[in-house]
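Quick notes on the structure that follows.
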Amino acid sequence: MIRRLVSLILLSTLSVTEMNEVPQPISLTVVKLGDNVTLTCDLSEPGLSYWYKLNYGYMFQTVTEGSFDKILLKINNSRFNATKVGTVLSLIIRNVSKEDEATYFCQAGPSFNMTFKNGTILAVNGKILKSNVNSVHLGDTMTLQCSLLSENKNDTDQCPDEEQVHWFKGASESHPGIIYHGSIKNKEDGRCDYSLSKTITHSSDAGTYYCAVVTCGEILFGEGRKVDISMYSQFYQNNNNFKIRCLIMSVIMKLHF
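Shown next as structure tokens:
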């Protein structure tokens, strides 16, 4: 049986798109267990509307369906609710749990011309993140490293593919979560190293960066690395390692300059 995983694996190929239109990236929302979250969809014209939930390895599940101002909840879960205020259709999930991890799609429009408006990956982090701070200058290139350590040093077959290791900058009120893709650096002695190099070009590059690994039947998160833009010539590097509990692996992330 395929375990339920959030659809991070789809990110390398999947986007919300219509024929002859520029593909729209899927956004990322990361919440903690027990949080409440609201996903929104702008309905630019009257007609039908739907929220769908997609778990990796499963078919689409209809969460809500609507006709003009009438919204029906199609999922049997009291923690889910939907509202429509003006042209904004909102999907509200209270007391978020790991089973809510999925990619949520909004589809809307006239019955003869419905389009996917957006897609949002909802990732649920089960632990409180503690971040170390690194100061950088505009123009600096930073390299993030995420490592998987296997208990069996002779077994590198357990290394997830690059498509299963994702990097993102934490969301804020003004900027949604941004997805990045890195590359594998090392695969030996039971160690799987993945890296992401990024040049700091704008003040918006400041924030907390995380790696997320799809393994052990769930998504594992690093504690994160907070990056600040510095006006001064000195900055420091704190090679803090972290580990995430898993049956066969632990995760370590480093930041290099």
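According to mature numbering (1 follows the signal peptide of the UniProt record, and there is no 0), the residues represented by the sequence shown are -19 to -1, 1 to 238, in order. We put the beta carbon where it would ideally sit given N, CA and C, even for glycine. All of these numbers come straight from a predicted model, not from anything done at the bench.
DSSP links Thr96 through a beta bridge to Ala89. Taking the C-beta atoms as reference points, Val105 is found no nearer than 9 Å to Val146.
In this structure, the CA atom of Arg172 is about 20 Å from the CA atom of Gly205. The beta carbon of Arg75 sits closer than 6 Å to the beta carbons of Asn17 and Arg60 from its chain, once the five residues preceding and following it are set aside; these are given in chain order.
Relative to Cys87, the option among Leu130, Tyr33, Pro27 and Val11 whose CA is nearest is Tyr33.
Phe49 counts as exposed, since fewer than 16 other beta carbons sit within 10 angstroms of its beta carbon. Looking at the backbone, the Cα of Tyr175 and that of Gly28 are separated by about 46 Å. Taking a C-beta distance under 9 Å as the contact criterion, Thr122 and Ser211 do not qualify as a contact pair.
For Glu26, the secondary structure class from DSSP, reduced to helix, strand or coil, is coil. Collapsing the DSSP output to three states places Asp186 in a helix.
If you look at Gln145, you'll find it isn't in any beta strand (DSSP E); DSSP assigns it neither H nor E. DSSP, reduced to helix, strand and coil, places Asp16 outside both helices and strands of the structure shown, so it counts as coil. Taking the C-beta atoms as reference points, Ile102 is found nearer than 9 Å to Tyr85. Under the three-state reduction of DSSP output, Lys55 falls in the coil class, being neither helix nor strand. The alpha-carbon separation between Thr21 and Leu35 amounts to approximately 16 Å. Of the residues Glu26, Leu129, Ile52 and Asn57, the one whose Cα lies closest to the Cα of Met95 is Glu26. According to the DSSP assignment, Thr64 belongs to the beta strand (DSSP E) that extends over Phe61 to Val66.
The C-beta distance from Lys55 to Val44 rounds to 6 Å, short enough to meet the 8 Å contact threshold. Taking C-beta separations shorter than 6 Å and ignoring five residues to either side along the sequence, the partners of Lys98 in its chain run Cys22, Cys87 and Ala89, following chain order. When DSSP states are grouped into helix, strand and coil, Glu82 belongs to the coil group.
The beta-carbon separation of Gly100 and Leu70, rounded to 14 Å, does not stay under the 8 Å limit for a contact. If you look at Asp121, you'll find it isn't in any beta strand (DSSP E); DSSP assigns it neither H nor E. By the CB criterion at 9 Å, Thr64 and Leu119 fall outside the cutoff. Ranked by Cα distance from Glu169, the options Asp186, Cys140, Ser92 and Lys207 are led by Cys140. In the structure shown, Gly38 falls within a coil segment according to DSSP collapsed to helix, strand and coil.
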